[in-house]
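There are 2 protein chains.
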Amino acid sequence: MVTIKDVAKKAGVSISTVSRVINNSKPVSNEIRQRVLKVIKETGYVPNPLARSLVTKKSQLIGVIVPDISDFFMGELLNGIEEVGKIYDYDILLCNSYGEPDEELKYINLLKSKQVAGIIFVSWKMEKRHVEAIESGNIPAVYISKNAKDFDIYSVSIDNFKASYEMTKYLIENGHKKIAFIKSSVQDSIMDSDRFKGYKKALEENNIKLEETLIKEGDSTSESGHYLMNEIFEFKNIPDAVFAANDEVAVGVINCILDNGYKVPEDISVAGFNDIKLASLYRPSLTTIKQPIYDMGAVSIRMIVKMINEEEIGDKNIYLPYKLIERQSVSKK
Amino acid sequence: MVTIKDVAKKAGVSISTVSRVINNSKPVSNEIRQRVLKVIKETGYVPNPLARSLVTKKSQLIGVIVPDISDFFMGELLNGIEEVGKIYDYDILLCNSYGEPDEELKYINLLKSKQVAGIIFVSWKMEKRHVEAIESGNIPAVYISKNAKDFDIYSVSIDNFKASYEMTKYLIENGHKKIAFIKSSVQDSIMDSDRFKGYKKALEENNIKLEETLIKEGDSTSESGHYLMNEIFEFKNIPDAVFAANDEVAVGVINCILDNGYKVPEDISVAGFNDIKLASLYRPSLTTIKQPIYDMGAVSIRMIVKMINEEEIGDKNIYLPYKLIERQSVSKK
DNA sequence: TTGTACGCGTTATCAC
DNA sequence: GTGATAACGCGTACAA
Chain X
254 MVTIKDVAKK AGVSISTVSR VINNSKPVSN EIRQRVLKVI KETGYVPNPL
304 ARSLVTKKSQ LIGVIVPDIS DFFMGELLNG IEEVGKIYDY DILLCNSYGE
354 PDEELKYINL LKSKQVAGII FVSWKMEKRH VEAIESGNIP AVYISKNAKD
404 FDIYSVSIDN FKASYEMTKY LIENGHKKIA FIKSSVQDSI MDSDRFKGYK
454 KALEENNIKL EETLIKEGDS TSESGHYLMN EIFEFKNIPD AVFAANDEVA
504 VGVINCILDN GYKVPEDISV AGFNDIKLAS LYRPSLTTIK QPIYDMGAVS
554 IRMIVKMINE EEIGDKNIYL PYKLIERQSV SKK
Chain S
254 MVTIKDVAKK AGVSISTVSR VINNSKPVSN EIRQRVLKVI KETGYVPNPL
304 ARSLVTKKSQ LIGVIVPDIS DFFMGELLNG IEEVGKIYDY DILLCNSYGE
354 PDEELKYINL LKSKQVAGII FVSWKMEKRH VEAIESGNIP AVYISKNAKD
404 FDIYSVSIDN FKASYEMTKY LIENGHKKIA FIKSSVQDSI MDSDRFKGYK
454 KALEENNIKL EETLIKEGDS TSESGHYLMN EIFEFKNIPD AVFAANDEVA
504 VGVINCILDN GYKVPEDISV AGFNDIKLAS LYRPSLTTIK QPIYDMGAVS
554 IRMIVKMINE EEIGDKNIYL PYKLIERQSV SKK
């Protein structure tokens with residue numbers, strides 16, 4: 254491996270000079286600059302990021318902690334993070350926490366010891382100790398989590414309350430009165446409450462009373478959706494629409510409805526949340542709330558970069574626009 | 254940040270001694286060991302991985318280059334890599350190449366300069382220059398690619414020829430004679446040939462002649478599947494079954510068939526390849542070849558670790574077992 | 001068994 | 001504008 258020393262020697266200058274040309278840190282006479290550049294090209298010299306980080310105390314690594322890599326949501330999010338990160342020359346150190354708080358904490362400390370330039374923390378549900386661990390490191394961080402707004406931190410999300418309210422209203426306006434709501438309990442947090450609150454408000458405004466037997470909660474998998482929908486069927490209190498906490502759950506719900514001999518959306522309508530790739534692929538295609546997942550990733554890392562460069566950031570909590578996507582899974586009036 | 258020096262001073266020993274206890278590299282008297290350990294605990298000292306890598310020339314980082322993070326396949330693969338990596342204390346440096354050869358090459362060099370302990374290179378289609386770039390670095394590497402076996406390298410895959418042969422045979426045995434085949438051209442490589450060859454052999458054995466108008470190729474997205482299936486429809490030479498290069502394509506194919514007013518599998522059967530999560534979620538659920546994606550990731554990183562530790566590895570090319578999964582998208586006799 | 005001193009490849013602080 | 005040289009935090013021959 255060719256080092257700065259080799260380049261210096263071959264160019265007949267000191268390593269300081271070489272350092273200056275590669276970093277543009279101080280003026281160097283044009284003649285020497287060209288000579289050094291030439292040698293660099295010839296030798297194929299690449300600065301050692303490790304040595305560099307060791308002295309500057311900064312790496313070009315952004316640590317990203319996610320609860321589940323194979324979750325459709327994370328893939329798109331990571332895409333956004335990666336793509337924008339590349340623009341600013343940052344690489345991604347990926348950590349899969351399996352949504353376990355202890356793992357999350359372990360990774361936070363690991364990332365700190367690796368002196369990452371920033372952390373993007375994606376979590377189903379954050380705890381105080383996580384925030385404290387990150388913030389104490391004095392390292393730029395952005396949070397993507399259902400309950401991020403409980404803390405005084407930088408976060409990226411959408412307005413879940415409003416989105417949920419709109420979707421519920423949409424269902425009602427299209428003639429649905431008996432609307433089941435399925436939330437994911439791993440997210441028995443503010444944000445789920447937000448979505449639930451939006452649902453509740455829409456019902457209230459339309460004088461529809463909440464039915465306990467139509468409110469279910471499980472985790473955020475399709476299996477869970479299938480299971481919970483079955484419970485609803487067993488109760489014989491059949492809804493004419495189901496609003497699921499996320500698209501995977503929604504698909505599980507639809508499959509269950511189909512398995513029970515009903516049709517979607519003719520007999521029962523189903524709405525999802527997130528608009529992951531699956532939502533448009535699945536048939537019937539899912540009416541859902543489109544979260545700008547890719548953008549959320551992109552914005553997160555952009556914020557980190559700004560923090561690193563000490564640029565001005567507006568609000569600590571960024572709310573991105575969402576959109577109600579009408580597809581086939583909800584029948585229209 | 255507390256360093257090895259601080260620990261040494263506080264414990265009243267030299268830094269070498271501290272280094273020895275944390276690395277177990279040389280004998281240290283029990284008394285001193287305990288004292289050092291105690292100080293480490295008290296101070297919460299964590300060795301700086303950067304400084305460590307700088308001197309040992311080895312990091313605890315495994316670089317993973319994938320062509321598309323949001324691809325369902327990659328998510329599951331990364332899961333396997335991450336989980337096993339964690340066991341051996343390796344972290345994942347994630348690179349998204351977008352399947353572009355130049356990007357791939359750039360990342361390979363980046364990873365080398367970061368002195369990663371190993372590289373897992375996932376690619377739609379590898380070129381000689383990629384292999385050369387990696388192998389010249391003398392760094393452990395495992396390849397997951399359609400055409401990995403063209404090179405003398407470590408790779409993990411399944412026997413695509415046999416799998417494809419079996420699926421085609423299965424279709425034929427269930428009464429299908431006009432079987433379309435859709436490959437993904439980004440993979441116009443050996444492996445696709447392998448799958449294509451398997452398809453061809455099965456047809457030959459059953460005296461079915463190959464029909465050019467039923468062979469299509471595009472990329473590996475559902476959009477591509479939809480588009481190609483449309484082309485087949487336009488040709489008015491309707492098949493009674495379609496064998497798609499992968500599940501996403503298969504879903505696109507089915508959606509197209511549905512859009513054209515046909516039923517799956519009653520009118521046309523569709524088989525996929527890979528068995529990603531989507532395959533069982535989608536309705537009709539996909540009959541497909543189950544690749545052990547998670548295991549492929551797990552095995553890959555396990556191989557890397559073995560290479561790092563200079564343990565014995567058996568074959569250079571690992572073939573994992575696959576399985577034909579019967580679901581709803583193919584009608585049975 | 002323990003400590004000293006050097007080197008890993010860079011950047012940064014001085015002098016010149 | 002340029003060049004020594006001290007750091008960064010750690011591992012490890014070499015001495016003791």
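Taken in order, these protein sequences are the chains called X and S. If you're matching positions, the first sequence starts at 254 in the numbering used here and goes up one per residue. If you're matching positions, the second sequence starts at 254 in the numbering used here and goes up one per residue. Just so you know, even glycine gets a beta-carbon here, dropped at the ideal spot from N, CA and C. This one's a predicted model, so the numbers in the text were calculated from it and none came from an experiment.
Residue i, enclosing alpha helix (DSSP H) - first and last residue
i	result
residue 570 of chain X	No alpha helix (DSSP H) contains residue 570 of chain X, which is instead part of the beta strand (DSSP E) from 570-572.
residue 417 of chain S	413-426
residue 404 of chain X	Premise fails: residue 404 of chain X is in no alpha helix (DSSP H) and is neither H nor E.
residue 261 of chain S	257-264
residue 365 of chain X	354-366
residue 459 of chain X	Residue 459 of chain X -> no alpha helix (DSSP H), and no H or E assigned at all.
residue 433 of chain X	Taken as a continuous stretch (DSSP letters only), residue 433 of chain X belongs to no alpha helix (DSSP H), being part of the beta strand (DSSP E) at 432-437.
residue 387 of chain S	381-389
residue 274 of chain X	268-276
Residue range of the beta strand (DSSP E) that includes residue i
i	result
residue 299 of chain X	Looking at the DSSP string, residue 299 of chain X is not in any beta strand (DSSP E), and its letter there is neither H nor E.
residue 323 of chain S	From DSSP, residue 323 of chain S is part of no beta strand (DSSP E); its letter is neither H nor E.
residue 317 of chain S	314-319
residue 398 of chain S	394-398
residue 349 of chain X	344-349
residue 376 of chain X	371-376
residue 410 of chain X	408-410
Anticipated Cβ contact below 8 Å, residue i with residue j, distance rounded
i	j	result
residue 420 of chain S	residue 578 of chain S	The pair is not a contact, with the Cβ atoms about 10 Å apart (cut-off 8 Å).
residue 308 of chain X	residue 571 of chain X	No, residue 308 of chain X and residue 571 of chain X are not in contact; Cβ-Cβ is about 34 Å, not under 8 Å.
residue 387 of chain X	residue 371 of chain X	Residue 387 of chain X to residue 371 of chain X, Cβ: 10 Å. No contact.
residue 535 of chain S	residue 480 of chain X	About 19 Å; that fails the 8 Å criterion.
residue 494 of chain S	residue 468 of chain S	Residue 494 of chain S to residue 468 of chain S, Cβ: 13 Å. No contact.
residue 490 of chain S	residue 464 of chain S	7 Å
residue 451 of chain S	residue 415 of chain S	7 Å
residue 303 of chain S	residue 346 of chain S	That belief does not hold up - the Cβ atoms of residue 303 of chain S and residue 346 of chain S are roughly 14 Å apart, past 8 Å.
residue 297 of chain S	residue 266 of chain S	Not confirmed; about 18 Å, so no contact.
Considering only residues of the stretch 465-502 of chain S, which uninterrupted alpha helix (DSSP H) runs meet the minimum length of 4 residues and lie entirely inside it, listed in chain order? 475-487
Determine which residues of the stretch 497-525 of chain S have a Cβ less than 9 Å from any Cβ of chain X, and write them out in chain order. 501, 504, 505, 507, 508, 511
Sufficient close CB pairs (3 or more, under 8 Å) joining the stretch 335-351 of chain S to the stretch 413-429 of chain S: no
What are the complete alpha helix (DSSP H) segments, minimum 4 residues, inside the stretch 519-576 of chain X? 530-534, 546-561
Just checking, does the stretch 515-522 of chain S make contact with the stretch 543-552 of chain X on the three C-beta pairs under 8 Å criterion? no
Should the stretch 316-325 of chain S be called in touch with the stretch 353-367 of chain S, which here means at least 3 C-beta pairs below 8 Å? yes
According to a CB-to-CB cut-off of less than 7 Å, which residues of the stretch 540-553 of chain X neighbour chain S? none
Name the residues in the stretch 283-316 of chain X whose C-beta lies less than 7 Å from a C-beta of chain S; which are they? 299, 301, 302, 303, 304, 306, 307
Check whether the stretch 459-474 of chain X touches the stretch 484-499 of chain X, taking contact to mean three or more Cβ pairs, one atom from each stretch, closer than 8 Å. yes
Report the residues of the stretch 425-437 of chain X with a CB closer than 8 Å to any CB of chain S, ordered along the chain. none
Under 8 Å, with one C-beta from each stretch per pair, do the stretch 332-347 of chain X and the stretch 280-288 of chain X reach the 3-pair mark? no
Residues of the stretch 367-383 of chain X with a CB closer than 9 Å to any CB of chain S: list them in chain order, please. 367, 368
Could you run through the stretch 470-486 of chain S and flag, in chain order, every residue whose CB is less than 9 Å away from some CB of chain X? 475
Evaluate contact between the stretch 556-567 of chain X and the stretch 262-278 of chain S, counting only Cβ atoms and requiring at least three cross-stretch pairs below 8 Å. no
Counting pairs of beta carbons, one from the stretch 300-314 of chain S and one from the stretch 325-333 of chain X, are three or more of them closer than 8 Å? no
At least 3 beta-carbon pairs within less than 8 Å: the stretch 369-384 of chain S vs the stretch 374-384 of chain X: no
Using a Cβ-Cβ cut-off of less than 8 Å, give me the residues of the stretch 341-352 of chain S that come near chain X, in sequence order. 344, 345, 346, 347, 348, 349
At a Cβ cut of 7 Å, what residues of the stretch 554-585 of chain X count as close to chain S, listed as they run along the chain? none
Check distances from the C-beta atoms of the stretch 317-333 of chain X to those of chain S and list, in chain order, the residues that come in under 9 Å. 317, 321, 322, 323, 324, 325, 327, 328, 329, 330, 331, 332
Below 8 Å between beta carbons is the criterion; list the residues of the stretch 254-276 of chain X that meet it against any residue of chain S, in chain order. none
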